Amino acid sequence: MATRRDGLARRRAAMGFTQETLAERLGTERSTVGRWERGTGTPQPWNQPDLAKALELSPEALADLLNNVGPMTRAPAINELSPTAIGQLSLRDDHGLGVVERIQVTAQAFQTADRRVGGGVLYPSVVRYLNLEIGPRLLDPGDGVHGSALFAAAASMTEIAGWMSHDGGRDALAHQHFDRAFRLATAAHNQALAGNACASMAHLAIELDQANNALRIATVGLDRTRETPGAVQLLARLHAMRARAFALRGERTSCTQELDTAERILTGANNEPAADWIANFDDASLASEAALCFLRLTEYREAERQAREVIRLRSGDRVRSRAFGQLTLANVLLEAGRPDEAASLGQEVCQLTTSLSSARVVQRLSELGQSLAAVRRLPEVAAFLTALAAMSHVPGKQEGRTVTWPV
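Residue numbers (my numbering): 18 to 424.
Here is the structure:
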């Protein structure tokens, strides 16, 4: 009797393939893939290299799957799934977790993938998960599920959708998601999560050049979370948003006071665990905001120092964060009269866009290119502009300049 290759089937699903789409990728029939998984057939030697590549396996790991041995035969952890497969998760497949816990693990998987590839490719999967898995639960939580916990989970996932919209250059849509996340957090009576949504809205207001709105929203967030356990990083983030708003208004003293407050809060955090659903805000995050503040205030030496700190601290899977740090540094160097160095950094970021789906990164690259066009005679600038021109899409200005806020 044939032994089913359940590990092979799980790996195929984890990589986002159906039997039909995997067969199409390999140039074979769906029934052939089905026989491989049922154990009634085995991939021919000439099929196996392409199959291993499609499943992102070494030849040895594929051999283990075909022989039903090795660690790959277990069910995959959620953080091992591809972006497409994450969006196909169901709350009914609980894998031993409660509904809210499974949403939390899925949210973490989305965020990990987002840092690696950008929000553009992930947004449809997040919306699908919200609409098909979380939305119906809000109307009928089911036995043993606390309504406020479910609303908090929905708020967090909605906020993630907002950030992915923003990263995709769709700010009007991002605003809608952040607004809804704030209202869901309020319905959940979760002050920390409402403050988290305020920080996101304040960031978006800054991006839309709405300094006064950003300042007001960040202040509301502080008022809501000042006495909330586990909100230390969030408090630092909200003070950083206030600093950005003051920088936008040209108020140096108030800006630096807010940055000092944020740094003092982070320094005194003592590794306090964050409340559930609260976004991470660390030293690199603060350095990123500080670099943008000092760039706006035309204090280029300090802006350069902070931007280089971001690049030093951001590595590994934090591809987008590092790209933003490089672009901030490029703009600092350009303003400081070092266009050749700025262009070299821009070219480095161009190379990242092949694996990063982020309209914000592409937009800032485009703006850097426009600023450097006047000195295109420099070889570094010419090389950067050539790389920029080869990119498939350079978006226009972000939408959503006229919006209203829930606070």
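For each residue, glycine too, the CB sits at the ideal point set by N, CA and C.
Note that the structure is predicted; figures quoted are calculated from it, not measured.
For residue i, which residues from the same chain have a beta carbon less than 6 Å from its beta carbon, with the 5 sequence-adjacent residues on both sides left out?
i: residue 219; result: 231, 234, 235, 258
i: residue 88; result: With a pLDDT of 43 at residue 88, under the threshold of 50, the modelled position of this residue cannot be trusted; read the value that follows with caution. Excluding sequence neighbours, residue 88 sits near nothing in its chain.
i: residue 202; result: 172, 210, 211, 214
i: residue 26; result: 54
i: residue 239; result: 255
i: residue 291; result: 247, 250
Excluding the 5 residues flanking residue i on each side, which residues of the same chain have their C-beta closer than 7 Å to its C-beta?
i: residue 438; result: One cannot answer for residue 438 here, as it falls past the ends of the chain, which runs 18 to 424.
i: residue 40; result: 46, 47, 49, 50
i: residue 139; result: 100, 127, 130, 131, 181
i: residue 356; result: 389, 392, 395, 398
i: residue 407; result: none
i: residue 68; result: 43, 60, 79
i: residue 111; result: The predicted position of residue 111 is uncertain, since its pLDDT is 47 and thus under 50; a value taken from the coordinates is nonetheless stated next. Excluding residues within five positions, the ones whose Cβ falls inside 7 Å are 119.
i: residue 369; result: 336, 340
i: residue 373; result: 134, 135, 336, 337, 340
i: residue 311; result: 319, 320, 323
i: residue 325; result: 346
i: residue 221; result: 183, 188, 191, 192, 195
Restricting to Cα atoms, I'd like to know which of the options is closest to residue i.
i: residue 176; options: 196, 189, 30, 122; result: 196
i: residue 337; options: 84, 181, 224, 391; result: 181
i: residue 303; options: 290, 344, 261; result: 261
i: residue 216; options: 151, 295, 264, 147; result: 295
i: residue 3; options: 206, 293, 353; result: This structure cannot settle anything about residue 3, because the visible part of the chain is limited to 18 through 424.
i: residue 315; options: 225, 267, 397; result: 267
i: residue 241; options: 153, 263, 206; result: 206
i: residue 250; options: 221, 301, 359; result: 301
i: residue 223; options: 190, 126, 265; result: 265
i: residue 169; options: 42, 35, 269, 147; result: 147
i: residue 335; options: 133, 283, 353; result: 133
i: residue 330; options: 312, 299, 307, 358; result: 299
i: residue 155; options: 144, 149, 167, 145; result: 167
i: residue 174; options: 151, 310, 325, 165; result: 151
Just reading off the alpha helix (DSSP H) that residue i is part of, what are its end residues?
i: residue 141; result: 140-146
i: residue 424; result: Segment: none, residue 424 is in no alpha helix (DSSP H) and carries neither H nor E.
i: residue 52; result: 47-55
i: residue 136; result: It is not in any alpha helix (DSSP H) - residue 136 carries neither H nor E in the DSSP assignment.
i: residue 220; result: 208-224
i: residue 66; result: 65-71
i: residue 44; result: Where residue 44 is concerned, there is no enclosing alpha helix (DSSP H), given that its DSSP letter is neither H nor E.
i: residue 258; result: 249-265
i: residue 155; result: 152-156
i: residue 186; result: Looking at the DSSP string, residue 186 is not in any alpha helix (DSSP H), and its letter there is neither H nor E.
i: residue 231; result: 228-242
Quick check on DSSP: helix, strand or coil for residue i?
i: residue 393; result: coil
i: residue 180; result: helix
i: residue 115; result: coil
i: residue 278; result: helix
i: residue 302; result: helix
i: residue 356; result: helix
i: residue 60; result: coil
i: residue 319; result: helix
i: residue 329; result: helix
i: residue 343; result: helix
i: residue 205; result: coil
i: residue 21; result: coil
i: residue 307; result: helix
i: residue 291; result: coil
i: residue 32; result: coil
i: residue 408; result: coil
i: residue 76; result: helix
i: residue 172; result: helix
i: residue 363; result: helix
i: residue 192; result: helix
i: residue 384; result: helix
i: residue 313; result: helix
i: residue 83; result: helix
Is any heavy atom of the ligand ZN found at a distance shorter than 7 Å from the C-beta of residue i?
i: residue 284; result: What this structure holds is no ligand at all, so the ligand ZN is not there to describe.
Identify, in the order they occur along the chain, each residue of the same chain with its Cβ nearer than 8 Å to the Cβ of residue i, setting aside the five sequence neighbours on each side.
i: residue 328; result: 339, 342, 343, 346
i: residue 280; result: 253, 303
i: residue 71; result: 32, 34, 39, 42, 43
i: residue 73; result: 32
i: residue 199; result: 172, 211, 214, 215, 218, 423, 424
i: residue 382; result: 344, 363, 366, 367, 370, 405, 408, 411
Under 8 Å: do the segment 318-325 and the segment 347-355 share three or more Cβ pairs, one atom per stretch? The segment 318-325 is in contact with the segment 347-355.
Three or more C-beta pairs closer than 8 Å, one from the segment 209-229 and one from the segment 392-409: is that the case here? Cβ pair count under 8 Å is below three, so no.
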